[in-house]
Amino acid sequence: MSKFIFGRYLPLNSVVHRLDPRNKLAISFCYIILVFLANSLLSYLILIALTLGAIKASHIKLGFFLRGIRPLIWLIIFTVLLQLLFSPAGGHVYWHWAFINVTQFGLINAGYIFIRFMLIIMMSTLLTLSTQPLDIATGLASLMTPLRWVRVPVDTLAMMLSIALRFVPTLMDEAQKIMNAQRARGVDFGEGGLIKQAKSLIPLMVPLFMSAFNRAEDLSTAMETRGYQDSEHRSHYRVLTWQRRDTVTWLIFGVGLALILISRRW
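Sequential numbering from 5 applies to the sequence shown in our numbering.
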């Protein structure tokens, strides 16, 4: 769990780190839509090229992104197997048993699902590694400004997201410490069947929840002491400004978008 990377910020001096957080949030949202719009090998190759280019520009080692994939690897494998074994019949049948079919259509679908998972996880990891949680909250609040007209508590939602992202790695590190302490007392979290393994998590979950509640109480006390009020309009120490590099980023992304839309017609 100490290797859980999502929610961590890696301070580096790169173009990606210096981009406007609103820009990164908007591109990430559009990127996820593009991942689901892609329906051919060419379109996925374009997305892979865009992703690898962004990773290269961020100066972040590829190992960090592989660590972001690792906690979800079993979910990815399970989903890929479902697509492979239970997709509707289509194309050449490679293997058949009862209601299970391994077909050309299922194999292609499974490959696309695998690529989609990898791309979305890598882009989400890039967003959190290159953007501070407070900047994400500020950018999100700025993007959601029109919702103020319908009385949506934009600042409160942004602050909640910022705190959640900030404490994800902290709680994972806390869970690792508790697990190490429980192992020192003889607890084996991987022993026995599913029910026994679930029961072995009780000594982990109880102190973890207590730690989370204590941290939340300490944080709320600190915020109240400093006069924080979610109902008040708040200014920001760092004012977000749109730079030329943000425009260039959108131009590059727009070219990729156009190529993917064209590839859908092939």
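For every residue, glycine included, the Cβ atom is placed at its ideal position computed from N, Cα and C.
{"Item": "Give the straight-line distance between the Cα atoms of Met-127 and Thr-174, rounded to the nearest whole angstrom.", "Value": "21 Å"}
{"Item": "Could you tell me the alpha carbon to alpha carbon distance between Ala-268 and Tyr-48, rounded to whole angstroms?", "Value": "According to the sequence provided, residue 268 is Arg. The question's Ala does not apply to it. So the alpha carbons of these two residues sit roughly 11 Å apart."}
{"Item": "Does DSSP put Asn-27 in a helix, a strand or coil?", "Value": "helix"}
{"Item": "Mark Val-210 as exposed unless 16 or more other C-beta atoms lie within 10 angstroms of its C-beta, in which case mark it buried.", "Value": "exposed"}
{"Item": "Give every residue of the same chain whose Cβ lies closer than 6 Å to the Cβ of Met-148, excluding the five residues on either side of it in the sequence, and list them in chain order.", "Value": "Val-158"}
{"Item": "At the level of alpha carbons, what is the spacing between Leu-29 and Arg-189?", "Value": "44 Å"}
{"Item": "Give a yes or no on whether the C-beta atoms belonging to Pro-15 and Ile-140 are separated by under 9 Å.", "Value": "no"}
{"Item": "Could you compute how far the alpha carbon of Arg-12 sits from the alpha carbon of Leu-144?", "Value": "18 Å"}
{"Item": "Within 10 angstroms of the Cβ of Ala-185, are there 16 or more other Cβ atoms? Answer buried if so, exposed if not.", "Value": "exposed"}
{"Item": "Quick check on Ile-43: buried or exposed, where buried means 16 or more other Cβ atoms within 10 Å of its Cβ?", "Value": "Sequence check: residue 43 is Asn here, not Ile. Exposed, because fewer than 16 other Cβ atoms sit within 10 Å of the Cβ of Asn-43."}
{"Item": "Between the Cα of Ala-179 and those of Ala-216, Arg-170, Val-156 and Leu-151, spot the shortest distance and give me the residue it belongs to.", "Value": "Ala-216"}
{"Item": "Could you name each continuous alpha helix (DSSP H) segment of 4 residues or more that falls completely within the segment 213 to 267, going from the start of the chain to the end?", "Value": "248 to 267"}
{"Item": "Rounded to whole angstroms, what's the CA-CA distance from Phe-118 to Gly-231? Just pull it up for me.", "Value": "47 Å"}
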